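Trainee: Handing you a structure now.
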Amino acid sequence: MEERLTKIETKIALSEDLLEELNLAVYRQQQQIDRLQQQILELHRQLAAAAPGERPRDLRDEIPPHY
26 MEERLTKIET
36 KIALSEDLLE
46 ELNLAVYRQQ
56 QQIDRLQQQI
66 LELHRQLAAA
76 APGERPRDLR
86 DEIPPHY
């Protein structure tokens, strides 16, 4: 009985450690996503400021050079 209880306690401790690592990984990924979203917004603002009033080019509307 004592050995079984020790195995269960060990598994619980390892599971808690793994859960903490996973939580940290998710937290870091969310921070990275937030930074990337801010960078995209800043690039969008810069693009809009560089060409005010211009309609953004859609490459699908342009004719390829070989036509």
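Reminder that position 11 of the sequence shown reads as 36 in the working numbering, one-by-one numbering, no gaps.
All residues carry an ideal CB built from backbone N, CA and C; glycine is no exception.
From a predicted model like this one, the values you see are computed outputs, not experimental measurements.
Taking the alpha-carbon positions, what's the Leu-44 to Ile-33 distance?
Mentor: Mapped onto the sequence shown, residue 44 falls at position 19. Mapped onto the sequence shown, residue 33 falls at position 8. C-alpha separation (whole angstroms): 16 Å.
Trainee: How many angstroms separate the CA atom of Leu-39 from the CA atom of Ile-88?
Mentor: On the sequence shown, position 14 is the one that residue 39 refers to. On the sequence shown, position 63 is the one that residue 88 refers to. Those two C-alpha atoms are separated by around 60 Å.
Trainee: On the DSSP letters alone, give me the boundaries of the alpha helix (DSSP H) that Leu-61 sits inside.
Mentor: Along the sequence shown, read from residue 1 onward, the residue named residue 61 stands at position 36. It spans 27 to 75 - the alpha helix (DSSP H) in which Leu-61 sits, taken as one unbroken run.
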